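Undergrad: Here it is, the structure in full.
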Amino acid sequence: MKSSVYTPSVLFALLAIFFNGLTAAQVCSQTAGNFTANGTYAGNRARLFSSFSSNLSSTYGFFMNTTVGHGADRIYGIALCRADSPRETCNECINSGIKELADSCPNQIEAINWAWVSPFSCFVRYSNRSLSGKSELSPSEEFRNSGVFTSDETDRIKPLWENHISSLIAAASMGTKIKYASGERNFSDLMKIYALVQCTPDLSRRDCESCLTQTVIAFQSCCGKNHGGSSYTPSCIFRWDLYPFYNNHSSFTGSSPPPANPPAALPFHPPANAETSTGNGRRISSRTVAIISAPIAVAFSGVLAAVVIFRRMTKRSGFHGRLAAEERGNGECMQFKLATVRIATNNFSHLNKLGQGGFGSVFKVEWGRRRSSLLSHVTKCKGSDSFQTLPAELKICASFDKTPGCTFGKIHPVS
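Under mature numbering (1 follows the signal peptide of the UniProt record, and there is no 0), the letters of the sequence shown match residues -25 to -1, 1 to 390, in that order.
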C-alpha cells in the first residue's frame, strides 16, 4: 500500500527532471535603468560574457567574480555553477545563461539568469554596482514539487528535516574555496531526505549562513509541505527532494567538516496558504521569463505515454497483485478446507493433473469467478497412497514440510 502512495512522487520527480533540464529564468531589473545598444556599457557587457565563457574551469565548482571597464560604464559580474556540476555541464549551463540574458535583457543595466541543465544549475549576474561579498536575497525563484505531505507526515518529518538542513548550512558556511554541502538522511525505511545548499565563495561565513537560513525560511513559508523543492537567490541556493539529484564527488565538499554541535534547527513555518505559489509550483518575486524549449513537449509526451501504458498494465495485472496480497495474508501460509481444494482440482482429476514434480503431483486449480489458473504442488502423506488422509484444513505454504507427514508447495499464478 505504501508503494502506491509514493508512485506519483516518482512520476512527478521524473517530470521535474525534464523541466529542470531545459529551463532558464531571468530577471531584468526595471529600476537600474537601460544602456545604449552600441554604447560603452554594451561593449563591456559583451566582454564580460566572453570572459565568463573563456575562463570556465576544468574542475568542479566554477566561480568567477570580475569587472570590466572603468568609470560610469564599469560592469561587475558573477558566474557560479553548482559545485557538483561536471565541467561540460557547467560550460553548457553558463553559456545558456549568457545567451538568455543577451536575448531577454538586451539593454538592461542589471540582470540575473538562473539556468538548469538537468539536474544541475548555475547563474550569471551583472550590474553597474559592486556585487562582491554582498549577501542578497532578491530577486529570488522558488520551485516546489506537486506532492504534498499530510499534516501528520509534516509533524513527523519536521524535526529530522530541520536538523539535516541546519547541519548542511553549517558545513557549507565553513567552506573556503567552495561553500557547498550536500547529503542525505533516512526518514523511514522507504524514504530518504536529499538536500543541497551552496553560497557564492566570496561571502563570509556569517553572511553565507544568514543567506541560506533566510532562503530556507522563505521556501518553507511557501512550500513547506511539498515533497521537495528549491530556492535560488543571487547569493545562495537551496534544494531538497525525496530522490538523489546531486553528484557525489569528493573534490567539492567544504574545506571544513560539519561542526560537532550543529546550530539549532531552523524555525519551521508551514504555509498558511499553500497557494501562495503559482500553479506550476513556482513563486516569482519579480518579472521572470521562463523559457522552455521544444524538447520539453516531446519529453512530457513520452512521460505521459509511459504513465498511460503503466496504468493499463497495472489494471491487467491487478488480479496478480491481489492474489499476492492474499497469499501473504496475515501470516506465512494460506489455509483452505480440503473440500475447497477438491473442488478446485476437480477432486484431483487426472484432467487437472499437469505433471509430476520433484515433490509430487502438480494440479491445475481455479478459484471461484477469477478463472485464473494456478499451480499447486501436492504430495501424498507418508504411509498412504490416498488423499483421504489429508487433514481437514490444507495449508499451502511458501516453504515445505509445514504439515507433519505431508509436503505442500506454494501456489503459483500462471501467466
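Yeah, the Cβ is synthetic: ideal placement off N, Cα and C, and Gly gets one too. As the structure is a prediction and not an experimental result, all values here were calculated from the model.
Going by other Cβ atoms of all chains shown within 10 Å of its Cβ, with 16 needed for buried, is lysine 187 buried or exposed?
TA: Here the sequence assigns leucine to residue 187, which means lysine is not the residue at that position. Residue environment: leucine 187 is assigned as buried (16 or more neighbouring CB atoms within 10 Å of its CB, all protein chains considered).
Undergrad: How would you label threonine 6, buried or exposed, when you count the other beta carbons within 10 angstroms and need 16 or more for buried?
TA: exposed
Undergrad: Cβ of asparagine 88 within 8 Å of Cβ of aspartate 177?
TA: no
Undergrad: Determine contact between the region 200 to 217 and the region 114 to 134, defined as no fewer than three beta-carbon pairs at a distance below 8 Å.
TA: The region 200 to 217 vs the region 114 to 134: in contact.
Undergrad: How long is the line joining the alpha carbons of residue 407 and aspartate 182, rounded to whole angstroms?
TA: With the chain covering -25 to 390 only, the question about residue 407 has no answer from this structure.
Undergrad: Taking 8 Å as the cut-off, decide whether the C-beta atoms of serine 157 and tyrosine 221 are in contact.
TA: yes
Undergrad: Quick one: any contact between the region 20 to 32 and the region 146 to 153, if contact means 3 or more CB pairs under 8 Å?
TA: no
Undergrad: Evaluate threonine 64 with the Cβ neighbour count: other Cβ atoms within 10 Å of its Cβ, from every protein chain shown; 16 or more gives buried, anything less gives exposed.
TA: buried
Undergrad: Lysine 74 by DSSP, collapsed to three states: which one?
TA: helix
Undergrad: Isoleucine 259 by DSSP, collapsed to three states: which one?
TA: Because the pLDDT of isoleucine 259 is 39, which lies under 50, any placement of that residue in the model is unreliable, and the number read from its coordinates should be weighed accordingly. Note: isoleucine 259 maps to strand in three-state DSSP.
Undergrad: Based on Cα-Cα distance, which residue from Gly8, Cys97, Ser4, Thr42 lies nearest to arginine 22?
TA: Thr42
Undergrad: By Cβ distance, which residues of its chain are closer than 8 Å to alanine 189, with the 5 residues on each side in sequence left out?
TA: Residue identity check: residue 189 is glutamine in the sequence provided, not alanine. If we look at glutamine 189 and ignore the five residues flanking it on each side, its Cβ neighbours are Leu112.
Undergrad: Quick test of your reading: serine 148 and glutamate 184, contact by CB under 8 Å. State the CB separation rounded to the nearest angstrom.
TA: 4 Å
Undergrad: May I have the straight-line CA-CA distance separating cysteine 3 from serine 102, to the nearest angstrom?
TA: 11 Å
Undergrad: Locate the beta strand (DSSP E) running through serine 157, then write down its first and last residues.
TA: Element bounds for serine 157: 154 to 163.
Undergrad: Can you confirm whether the region 6 to 15 touches the region 89 to 96 when touching is taken to mean that 3 or more C-beta pairs between the two stretches lie within less than 8 Å?
TA: Result no; under three Cβ-Cβ pairs closer than 8 Å.
Undergrad: Taking just the CA atoms, how far does phenylalanine 213 sit from asparagine 9?
TA: 31 Å
Undergrad: Give the secondary structure of isoleucine 84 by DSSP, where H, G and I count as helix, E and B as strand, and everything else as coil.
TA: coil
Undergrad: I need the DSSP call for residue 400, collapsed to helix, strand or coil.
TA: Here the chain covers residues -25 to 390 and nothing more, so residue 400 does not appear.
Undergrad: Going by the beta-carbon positions, is the gap between isoleucine 73 and valine 99 smaller than 8 Å?
TA: yes
Undergrad: Run through the DSSP bridge pairs and tell me what lysine 167 is partnered with.
TA: Asn161
Undergrad: Between which two residues does the alpha helix (DSSP H) carrying serine 206 extend?
TA: Per DSSP, serine 206 belongs to no alpha helix (DSSP H); it is in the beta strand (DSSP E), 204 to 207.
Undergrad: What number of angstroms, rounded off, separates the C-alpha of isoleucine 192 from the C-alpha of cysteine 97?
TA: 22 Å
Undergrad: In the DSSP assignment, find the unbroken beta strand (DSSP E) run with phenylalanine 27 in it and report its ends.
TA: Run containing phenylalanine 27: none in the beta strand (DSSP E); it sits in the alpha helix (DSSP H), 15 to 29.
Undergrad: State the Cα-Cα distance for the pair alanine 54 and phenylalanine 27, rounded to the nearest angstrom.
TA: 7 Å
Undergrad: How is arginine 49 classed by DSSP in three states: helix, strand or coil?
TA: coil
Undergrad: Taking aspartate 216 as part of the beta strand (DSSP E), name the residues at either end of that continuous run.
TA: 211 to 216
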